[in-house]
Amino acid sequence: MAFEHHDEGHYTVVKIDESRFDASIAEAFKTYVFDLIEEGKSEIVVDLAAVRFMDSSGLGALVAGLKKLSGNGSFSLASAQPAVKDLFDLTSMDKLFKLHDSVDEAVKGD
Amino acid sequence: MNILIVEDARDQRLMLSVVLKKQGHKVLEAENGKEALAILQEHQEVRIIISDWMMPEMDGLELLKETRKSDLGRYIYFILLTGNTDHEAVVEGMNHGADDFLAKPVNFDELAARLKAGIRIIELEKQLEQQKQQLVQAIETVEKDLESAAKAQEVLLAQPATIQHVSFDWFFKPSKILGGDMFGYQAIDGETLSFYQLDVAGHGIPSALFSFTLNNILSESSGRGSIVKEKSDQEPFYKVRAPEKVLASLNKRFQVTPESMLYFTIAYGHINSRSGEVTVSQAGHPPPLWIRREKASVEPVAGGGVPIGMMPDMDYTSCTLQFQPGDRLFLYSDGVTECENTEGEQFGESRLLQCLMDTLNDDLKSVIDQVEKNVRDWSELDRFDDDVTYLLLEWKP
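The listed protein sequences correspond, in order, to chains A and B. The first sequence begins at 0 in numbering that gives the first Met the number 0 and counts up by one. The second sequence begins at 0 in numbering that gives the first Met the number 0 and counts up by one.
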């Protein structure tokens, strides 16, 4: 299974268990997160610790999740590796997502 | 059905032959395995073999092995005749690919029933083969269509040219037949040229179609709907729209829905062909590289914004550079820097910068070729995993 999730407080932590977050799993991730949102989960933290490489399709899937919430909740990211951070930097996506150093920090609350 | 009987005992062979012919089958006969193999090669229509086990020259089991080994272009349904209910023989026969068994002496009702089962299998196999052929043809049609679409895409690409003292050259290589990268340049008025290079997320047909649309929109420089100009109260009643405003209006126009993930990154800019002033605005794109001849340096152009389509109401900024004669700007898609070698290491910006430094005094075409060579040498593959595109311009007043 490429993805799994568990609840921490009122947060839902979604872990991506793949080293490449690209076109081959982007669609599946989107479906996975959409299902969670449709079940009523609205505080989502995506754990990127295992992801070594992300491409534009991966980014697109994250944005799709963010847009699906359409402002009713939060969608943040945790534990991004340097290469993934670079991608967020390059694409200025850090303007759209909160990047946390760890899942613990992400679920500590606002 | 065309059936081959392999049996060394002449009377047995004849009897089987007569019975099968009566049931309406076409029958060929062989005395041993060797003869049978020759007949199989020659008569493509044979689909079922009924073979005795013990025979001189080549026995039934050997014939079975040879049949399964050779590439006959069709499945042969193989029925082995066994002397008695010898379980070990049955197991050995099955292990070597026998489809069915018939005990001797042959009961003809049972033979007819077992043949029926065989014929069902052969018919299924024929259907599968036909469906496979149809699929192969369908794929060929799709690929032909894609190739003509790729030709259409090539026609859209601007040709290397010098416009108002600004020279342009480029490299464009989709990873599949069609790509989601695009670029262009044109004169907007007597002293302003626009240029861009963009990369639609993903590759393949949806991305390519979107890149076609964007090319149309960005190359429309006259008329009321043009995105590169805006209205003005004074003569000539238009002014060139600033790059950051062009990006903001593209972003307004193309918002992705949660269901579609088609967004794009772009570097878009203007160059004033008289003054050499360059203005560049970016949306999630790799920073263009400013190649400064006199200073002998290559510098990434700062600034950046969110890719187009990600979020509504994004502001974009632009960066202004004062070119000296001979200065160049290199715009590229991430397929260049993210190209991986066999160890999974990316080509990266620093190698690209070095390559541009090394070719500081070469002409545009040589720079284009040299970058391609470096990236290809890096990847060691004859294809790229992502679309690879770059655009180089030079100001020489």
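Positions of the beta carbon are idealized from the N, C-alpha and C atoms, including for glycine. Quick caveat, the model's predicted, so the values are computed rather than measured.
### Task
Assuming Thr388 of chain B contacts Phe194 of chain B (C-beta within less than 8 Å), just tell me the rounded distance between them.
The residue labelled residue 388 of chain B in the question sits at position 389 within the second sequence. The residue labelled residue 194 of chain B in the question sits at position 195 within the second sequence. About 13 Å separates the two Cβ atoms, so there is no contact after all.
### Task
Just mark Pro159 of chain B as buried or exposed, buried being the case when its beta carbon has 16 or more other beta carbons within 10 Å.
By one-based count along the second sequence, residue 159 of chain B stands at place 160. Exposed: under 16 other Cβ atoms inside 10 Å.
### Message
Residues in the same chain with beta-carbon distance under 8 Å from Phe52 of chain A, minus the five sequence neighbours each way, listed in chain order, please.
### Response
Working through the first sequence from its first residue, we reach residue 52 of chain A at position 53. Hits under 8 Å: Ser18, Arg19, Phe20, Asp21, Ala82 and Val83.
### Between the CA atoms of Tyr76 of chain B and Glu28 of chain B - distance to the nearest angstrom
On the second sequence, residue 28 of chain B is found 29 positions in, with the first residue counted as 1. On the second sequence, residue 76 of chain B is found 77 positions in, with the first residue counted as 1. So the alpha carbons of these two residues sit roughly 16 Å apart.
### Task
Quick one: list the residues of chain B neighbouring Ser59 of chain A, beta-carbon separation under 7 Å, in chain order.
On the first sequence, position 60 is the one that residue 59 of chain A refers to. The identity of residue 59 of chain A in the sequence shown is Gly, whereas the question assumes Ser. Neighbours of Gly59 of chain A on chain B, chain order: Ala200, Met260 and Tyr262.
### Task
Have a look at B:Glu337, B:Ala8, B:Asp357 and B:Thr358 and flag the residue whose alpha-carbon is nearest the alpha-carbon of Glu348 of chain B.
Walking along the second sequence from the start, residue 348 of chain B turns up at place 349. Per the Cα distances, B:Glu337.
### Task
Using a threshold of 8 Å, state whether the C-beta atoms of Thr278 of chain B and Pro306 of chain B are closer than that.
Mapped onto the second sequence, residue 278 of chain B falls at position 279. Mapped onto the second sequence, residue 306 of chain B falls at position 307. In this structure, Pro306 of chain B does not lie closer than 8 Å to Thr278 of chain B by Cβ.
### Message
Ignoring anything shorter than 3 residues, give me the beta strand (DSSP E) runs that lie fully in the region 187-232 of chain B, in order along the chain.
### Response
191-199 and 228-230
### Query
Is it true that the CB of Gly82 of chain B sits closer than 8 Å to the CB of Leu63 of chain B?
Position 64 of the second sequence holds residue 63 of chain B. Position 83 of the second sequence holds residue 82 of chain B. Not a contact, by the Cβ cut-off of 8 Å.
### Task
Taking C-beta pairs closer than 9 Å, name the residues in chain A that Val411 of chain B reaches, listed in chain order.
Since the first residue shown for chain B is 0 and the last is 396, residue 411 of chain B is missing from the structure and cannot be characterised.
### Query
What three-state label does DSSP hand Thr140 of chain B in the structure shown?
As a first step, residue 140 of chain B is located in the second sequence; it is residue number 141 there, counting from the start. Collapsing the DSSP output to three states places Thr140 of chain B in a helix.
### Query
Counting along the chain, where does the beta strand (DSSP E) carrying Leu320 of chain B start and finish?
Translated into the one-based positions of the second sequence, residue 320 of chain B becomes position 321. First-last of the beta strand (DSSP E) with Leu320 of chain B: Ser317 to Gln321.
### Message
Using DSSP's beta-bridge definition, name the partner residues of Tyr331 of chain B.
### Response
The residue labelled residue 331 of chain B in the question sits at position 332 within the second sequence. Among the bridge pairs identified by DSSP, Tyr331 of chain B is matched with B:Tyr389.
### Query
Hey, out of B:His95, B:Val105, B:Asn271 and B:Phe346, whose CA is closest to Arg12 of chain B's CA?
Stepping through the second sequence from its first residue, residue 12 of chain B is reached at position 13. The residue with the shortest Cα to Cα distance from Arg12 of chain B is B:Val105.
### Message
Does the beta-carbon of Glu7 of chain A, which I'm using as the reference point, lie nearer than 7 Å to any heavy atom of the ligand PLP?
### Response
As for the ligand PLP, it is missing from this structure, which has no ligand bound.
### Task
Report the option in B:Tyr184, B:Ala186, B:Asp168 and B:Leu145 whose CA atom is closest to the CA atom of Gly178 of chain B.
Taking the first residue of the second sequence as position 1, residue 178 of chain B is located at position 179. Checking every option, the nearest Cα to that of Gly178 of chain B belongs to B:Leu145.
### Query
Does the region 119-134 of chain B touch the region 230-241 of chain B, meaning 3 or more C-beta pairs lie closer than 8 Å?
no
### Chain-ordered chain A contacts of Gly283 of chain B [CB-CB under 8 Å]
Residue 283 of chain B sits at position 284 when you count from the first residue of the second sequence. Ordered by position in chain A, the residues that pass the 8 Å Cβ test against Gly283 of chain B are Leu89, Thr90, Ser91 and Met92.
### Query
Secondary structure at Pro299 of chain B, three-state DSSP: helix, strand or coil?
The count along the second sequence starts at 1 and reaches residue 299 of chain B at position 300. Residue state, collapsed to three classes: strand.
### Task
Alpha carbon to alpha carbon, how far is Asp93 of chain A from Lys107 of chain A? Give it in angstroms, no decimals.
Residue 107 of chain A sits at position 108 when you count from the first residue of the first sequence. Residue 93 of chain A sits at position 94 when you count from the first residue of the first sequence. Whole-angstrom Cα-Cα distance: 20 Å.
### Task
Using the Cα positions of Lys364 of chain B and Thr264 of chain B, report the straight-line distance between them to the nearest angstrom.
One-based indexing of the second sequence puts residue 364 of chain B at position 365. One-based indexing of the second sequence puts residue 264 of chain B at position 265. Answer to the nearest angstrom: the Cα atoms are 26 Å apart.
### Task
Rounded to whole angstroms, what's the CA-CA distance from Val199 of chain B to Val255 of chain B? Just pull it up for me.
The count along the second sequence starts at 1 and reaches residue 199 of chain B at position 200. The count along the second sequence starts at 1 and reaches residue 255 of chain B at position 256. About 12 Å.
### Message
Spatial neighbours of Phe87 of chain A within its chain, please: C-beta separation below 6 Å, excluding the five flanking residues on both sides.
### Response
Within the first sequence, numbered from 1, the residue matching residue 87 of chain A stands at position 88. Counting only Cβ-Cβ distances below 6 Å, and skipping sequence neighbours, we find Asp93.
### Query
Counting contacts by CB-CB distance shorter than 8 Å, is Gly304 of chain B in contact with chain A?
Mapped onto the second sequence, residue 304 of chain B falls at position 305. Yes, contact with chain A.
### Task
Taking C-beta pairs closer than 7 Å, name the residues in chain B that Ser55 of chain A reaches, listed in chain order.
Position 56 of the first sequence, counting from 1, holds the residue named residue 55 of chain A. Neighbourhood of Ser55 of chain A in chain B, by CB distance below 7 Å: Ala200 and Gly201, in chain order.
#### Entry: Own chain partners of Gly308 of chain B with C-beta closer than 6 Å, once the 5 adjacent residues on each side are dropped
Here the question's residue 308 of chain B lines up with position 309 in the second sequence. Contacts found: Phe253, Gln254, Val255 and Tyr262.
### Query
Any C-beta of chain A sitting closer than 8 Å to the C-beta of Met181 of chain B?
Within the second sequence, numbered from 1, the residue matching residue 181 of chain B stands at position 182. For Met181 of chain B, the answer is no, since every Cβ of chain A falls outside 8 Å of its Cβ.
#### Entry: Contained alpha helix (DSSP H) runs [length at least 4] in the region 75-144 of chain B, N- to C-terminal order
86-94
### Message
Does any residue of chain A have a CB that is nearer than 8 Å to the CB of Met0 of chain B?
### Response
On the second sequence, residue 0 of chain B is found 1 positions in, with the first residue counted as 1. Chain A contact via Cβ: absent.
### the region 6-30 of chain A: positions lying closer than 9 Å to chain B by Cβ
Ala22, Ala25, Glu26 and Lys29
### Query
If you draw a straight line from the alpha carbon of Leu95 of chain A to that of Ala266 of chain B, how long is it in whole angstroms?
On the first sequence, position 96 is the one that residue 95 of chain A refers to. On the second sequence, position 267 is the one that residue 266 of chain B refers to. About 20 Å.
### Task
Could you round the C-beta distance between Leu68 of chain A and Leu47 of chain A to whole angstroms and report it? I think they count as a contact, below 8 Å.
Taking the first sequence and counting its residues from 1, one reaches residue 68 of chain A at position 69. Taking the first sequence and counting its residues from 1, one reaches residue 47 of chain A at position 48. Actually they are not in contact, since the Cβ atoms of Leu68 of chain A and Leu47 of chain A sit about 18 Å apart, beyond 8 Å.
### Task
Give the secondary structure of Trp377 of chain B by DSSP, where H, G and I count as helix, E and B as strand, and everything else as coil.
For the purposes of this step, residue 377 of chain B is identified with residue 378 of the second sequence, where counting begins at 1. Helix.
### Query
Of the choices B:Pro173, B:Leu39, B:Val18 and B:Gly189, whose alpha-carbon is the least far from that of Leu114 of chain B?
Numbered from its first residue, the second sequence carries residue 114 of chain B at position 115. Closest by alpha carbon: B:Val18.
### Query
With a CB to CB cut of under 6 Å and the five nearest residues on each side skipped, what residues in its chain are close to Asn340 of chain B?
Counted from its first residue, the second sequence places residue 340 of chain B at position 341. Hits under 6 Å: Trp377.
### Task
Note down the Cα distance separating Gly283 of chain B from Gln126 of chain B, rounded to an integer number of angstroms.
If you number the second sequence from 1, residue 283 of chain B lands on position 284. If you number the second sequence from 1, residue 126 of chain B lands on position 127. Approximately 51 Å between the Cα atoms of the pair.
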